[in-house]
Amino acid sequence: MSSTTITDDVISKVAKLARVSLTPEEVHTFTSQLSPVLEHIDSLNSLNTDKVEPTFQVTNLKNIFRTDEVHDSLSQKDALSTAHKSDQGYVVMPKTIDK
Amino acid sequence: MELKNLTISKIRQGLIEKKFTAVEITNSYLERIKKLDQEVKAFITVTPEVAIEQAEKIDKKITNGQEVGRLAGSTVAVKDIFLTKGVQTTSGSKVLEGYIPQYSSTVFEKVINEDAILIGKVNCDPFAFGVSTENSGYFSTHNPWDLSRIPGGSSGGSAAAVAASFSTFALGSDTGGSIRQPAAMCGISGIKVTYGRTSRYGVTSMASSFDSMGSLATSVEDLALATQTMAGIDTHDATSSSESVPEYSQLLNTTSLKGLKIGLPKEYFSDALNPQIKQKVMEAAELYEKQGATLVDISLPSTSLGIDVYYILVPSEISANMSRYDGLRFGPSVRNSQDLISYYMQSRGQFMEPEVKRRIIIGTYALSSGYYDAYYLKASKVRTVIKQEFQDVFQKVDVIMAPVCPSTAWPLGQKVNDPLQMYLEDVFTVCINVAGLPSLAVPCGFDSQKLPVGYQLIGNYFTEEKLFSIGHQYQQLTDFHLQKPNL
Numbered sequence: 001m002s003s004t005t006i007t008d009d010v011i012s013k014v015a016k017l018a019r020v021s022l023t024p025e026e027v028h029t030f031t032s033q034l035s036p037v038l039e040h041i042d043s044l045n046s047l048n049t050d051k052v053e054p055t056f057q058v059t060n061l062k063n064i065f066r067t068d069e070v071h072d073s074l075s076q077k078d079a080l081s082t083a084h085k086s087d088q089g090y091v092v093m094p095k096t097i098d099k
Numbered sequence: 001m002e003l004k005n006l007t008i009s010k011i012r013q014g015l016i017e018k019k020f021t022a023v024e025i026t027n028s029y030l031e032r033i034k035k036l037d038q039e040v041k042a043f044i045t046v047t048p049e050v051a052i053e054q055a056e057k058i059d060k061k062i063t064n065g066q067e068v069g070r071l072a073g074s075t076v077a078v079k080d081i082f083l084t085k086g087v088q089t090t091s092g093s094k095v096l097e098g099y100i101p102q103y104s105s106t107v108f109e110k111v112i113n114e115d116a117i118l119i120g121k122v123n124c125d126p127f128a129f130g131v132s133t134e135n136s137g138y139f140s141t142h143n144p145w146d147l148s149r150i151p152g153g154s155s156g157g158s159a160a161a162v163a164a165s166f167s168t169f170a171l172g173s174d175t176g177g178s179i180r181q182p183a184a185m186c187g188i189s190g191i192k193v194t195y196g197r198t199s200r201y202g203v204t205s206m207a208s209s210f211d212s213m214g215s216l217a218t219s220v221e222d223l224a225l226a227t228q229t230m231a232g233i234d235t236h237d238a239t240s241s242s243e244s245v246p247e248y249s250q251l252l253n254t255t256s257l258k259g260l261k262i263g264l265p266k267e268y269f270s271d272a273l274n275p276q277i278k279q280k281v282m283e284a285a286e287l288y289e290k291q292g293a294t295l296v297d298i299s300l301p302s303t304s305l306g307i308d309v310y311y312i313l314v315p316s317e318i319s320a321n322m323s324r325y326d327g328l329r330f331g332p333s334v335r336n337s338q339d340l341i342s343y344y345m346q347s348r349g350q351f352m353e354p355e356v357k358r359r360i361i362i363g364t365y366a367l368s369s370g371y372y373d374a375y376y377l378k379a380s381k382v383r384t385v386i387k388q389e390f391q392d393v394f395q396k397v398d399v400i401m402a403p404v405c406p407s408t409a410w411p412l413g414q415k416v417n418d419p420l421q422m423y424l425e426d427v428f429t430v431c432i433n434v435a436g437l438p439s440l441a442v443p444c445g446f447d448s449q450k451l452p453v454g455y456q457l458i459g460n461y462f463t464e465e466k467l468f469s470i471g472h473q474y475q476q477l478t479d480f481h482l483q484k485p486n487l
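Chains S and G are the protein sequences, given in the same order. According to my numbering, the first sequence is numbered sequentially starting from 1. According to my numbering, the second sequence is numbered sequentially starting from 1.
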């Protein structure tokens, strides 16, 4: 992970993957700001972790199960109350596929 | 009414003894907010109608001789990442401007059910991403002790509201220090509970394996009352813990200071620490020593790697959480997009603040193909090491004592263009979140510019009652927590 090189192209590619449009100025700013951050993070390599297991959950919880029962939830009307456009009980969204 | 000296228990007692009414208290707070919040700028939304309605309900209970809740008549300023049914919830971001939630977060519901009064929604860094509240999409909040300085963050509005006596207590969240750091910088008390001690349901997610919901108040006693209300298992949050919740406020004098072993980790008293802060924290440690505690020198060798672990894992979890935001079901969005992809990209690009985008980009990069092992997996392994170092230390000491922040509140604008410098300010708080431990921030004096200083007491998992007891006994011997700024 050392020799991390962040370029404008890398930032643009990652932004596209993350579905965030950035202006050319933003791309440039992030490139210059993120290089030192990633360089700092390289210090993790100073610790040998070959024999260490990763931690993803800190309080040792195991799978939590519940019975699959129907409970009251938001009404359709409430659920749609915040959508900026809805039609016949559905959220209206831009078209996904071209003909 | 003199609001500066009011605490949760005093207010409840005063209501029962009919010294004042809940409506009177609420109006006093509302007047003070109206008069002074234009300078402090703690609130995004003040909620007078909601507050008066709740206050009238409490007064009616008193008139009818009914039992009132544990938090009766106390006002609560709620960080704007907690969903409040029917009341705008912005998360400090333009992405959610105008969003009116259809349901409330569990912990908010719990404090209202105990007769607390919502006074308003307070400012924070967007989605809690920040350490100074300057990343907010709305405005910066000012420190009530010096209006030219930051209040800390990300729960800066919560801390400023309590310090300015705009509210009896406040709700905040702590993912890397976001309760403790602003509490310390504003001279009040704040608790970050054990991961899972409180429900995360209905709070906009930052980093799901780190986020912890807590409270900020003048005294540790008030935090104990708020925490015993907020804590406990919630079927809506599978990671909430089934550990029973002690009556913290009844246990404030149960941990004996005599013979108590307090560990002082050398890494937290390094050269990075402002000498004035070091002096104040050591004075507090020596006060414990005078009461019979033993100070033990300890070491947590991987402390300096905490920041690096944090700034890999947290942005990674942020990028996963924020990827769910589509701008379709709620929130403002661009109109007339050609297709769905450009709708997503433009809506997110246009309304998200720079820090939100910055963290999404770091996280997406760290999780992207070819980098996962080097960043996310490596950081998750170092997380194990940091956690283990704490466990080893808790074999030797009962509690760990350390400063909350390396510096006191800095001038607004000083670090806004240097994200790395901002990130490094978290150095003394992040490891506690990396390990998921509880930590209590307690005010312990002022620097030469009369800016507040705080220390933190870090405990083993689910030992909040011990932290409250040790912090409370300190506040019985000192009055730093009772000092309030002149506004």
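For each residue, glycine too, the CB sits at the ideal point set by N, CA and C.
Check                                                                                                                                                                                                               : Outcome
Within 10 Å of its beta-carbon, does G:E317 have 16 or more other beta-carbons around it, so buried, or fewer, so exposed?                                                                                          : buried
So that I know if they touch, is there some Cβ in chain S lying closer than 8 angstroms to that of G:G196?                                                                                                          : yes
So, G:S319 versus G:L252, is the Cβ gap smaller than 8 angstroms?                                                                                                                                                   : no
Find the residues of chain G that neighbour S:S43, judging by a C-beta separation of less than 7 angstroms, and give them in chain order.                                                                           : L305 and D308
Report the residue from G:F20, G:Y268 and G:Y461 whose alpha carbon sits nearest the alpha carbon of G:D59.                                                                                                         : G:F20
Against chain G, does S:V52 count as a neighbour if the rule is that its beta carbon must be under 8 angstroms from one of theirs?                                                                                  : yes
Can you pull the DSSP bridge partners for G:D447?                                                                                                                                                                   : Paired residue(s): none; G:D447 is not in a bridge.
Would you call the region 460-467 of chain G and the region 191-207 of chain G touching, i.e. three or more CB-CB distances under 8 angstroms?                                                                      : yes
At a Cβ threshold of 8 angstroms, is G:F480 touching chain S?                                                                                                                                                       : no
Could you name the residues of chain G that S:H28 contacts, counting a contact when the two beta carbons are closer than 7 angstroms?                                                                               : Correct list: empty, because the minimum Cβ distance to chain G is about 13 angstroms.
Based on DSSP bridge pairs, tell me the residues matched to G:D297.                                                                                                                                                 : G:L264
Indicate whether the contact test is met: 3 or more Cβ pairs, each with one atom in the region 171-188 of chain G and one in the region 396-410 of chain G, closer than 8 angstroms.                                : yes
Check G:V68 in the structure and name its three-state DSSP category.                                                                                                                                                : coil
With distance defined between alpha-carbon atoms, name the residue in G:S93, G:V87 and G:S299 nearest to G:G263.                                                                                                    : G:S299
Cβ closer than 8 angstroms: which chain A residues qualify as neighbours of S:Q57?                                                                                                                                  : Included in the structure are the protein chains S and G, with no chain A among them.
Determine the extent of the beta strand (DSSP E) in which G:E471 is found, giving its start and end residues.                                                                                                       : Before going on, a small fix: residue 471 of chain G reads as Gly here, not Glu. Looking at the DSSP string, G:G471 is not in any beta strand (DSSP E); the run it does join, the alpha helix (DSSP H), is E464 to L477.
Tell me where the alpha helix (DSSP H) around G:P411 begins and ends.                                                                                                                                               : Segment: none, G:P411 is in no alpha helix (DSSP H) and carries neither H nor E.
Please report the residue range of the beta strand (DSSP E) in which G:G157 lies.                                                                                                                                   : Here G:G157 belongs to no beta strand (DSSP E); instead the alpha helix (DSSP H) covers G156 to A163.
For the region 378-388 of chain G against the region 338-353 of chain G, do three or more pairs of beta-carbon atoms, one drawn from each stretch, fall closer than 8 angstroms, so that the two count as touching? : no
Note down the Cα distance separating S:S21 from S:N60, rounded to an integer number of angstroms.                                                                                                                   : 39 angstroms
Would you say G:G436 faces chain S, with C-beta separation under 8 angstroms as the test?                                                                                                                           : yes
For the beta strand (DSSP E) that G:E192 lies in, which residues bound it at each end?                                                                                                                              : Here residue 192 of chain G is Lys; the residue named in the question, Glu, does not match the sequence. Taken as a continuous stretch (DSSP letters only), the beta strand (DSSP E) holding G:K192 covers S189 to K192.
Alpha carbon to alpha carbon, how far is G:D271 from G:A128? Give it in angstroms, no decimals.                                                                                                                     : 29 angstroms
What does the Cβ neighbour count give for S:Y90, buried or exposed, with the cut at 16 atoms within 10 Å?                                                                                                           : exposed
Against chain G, with Cβ distances strictly below 8 angstroms, would S:S3 count as a contact?                                                                                                                       : Confidence at S:S3 is low in this model, with a pLDDT of 46, below 50, so the placement of that residue is unreliable and no value is reported for it.
Using a Cβ cut-off of 7 angstroms, pull out every chain S residue sitting near G:I360, in sequence order please.                                                                                                    : A18 and V20
Can you tell me where the alpha helix (DSSP H) holding G:Y455 begins and where it ends?                                                                                                                             : Taken as a continuous stretch (DSSP letters only), G:Y455 belongs to no alpha helix (DSSP H), being part of the beta strand (DSSP E) at P452 to I458.
In chain order, what residues of the same chain lie with their CB nearer than 8 angstroms to the CB of G:H472, ignoring the 5 residues before and after it?                                                         : S219, V220, E221, A224, L252 and N253
State the Cα-Cα distance for the pair G:A42 and G:S158, rounded to the nearest angstrom.                                                                                                                            : 7 angstroms
With which residues is S:S86 paired in a DSSP beta bridge?                                                                                                                                                          : S:V91
Looking at chain S, is there any beta carbon in it that lies within less than 8 angstroms of the beta carbon of G:T364?                                                                                             : yes
Using three-state DSSP, classify G:V385 as helix, strand or coil.                                                                                                                                                   : helix
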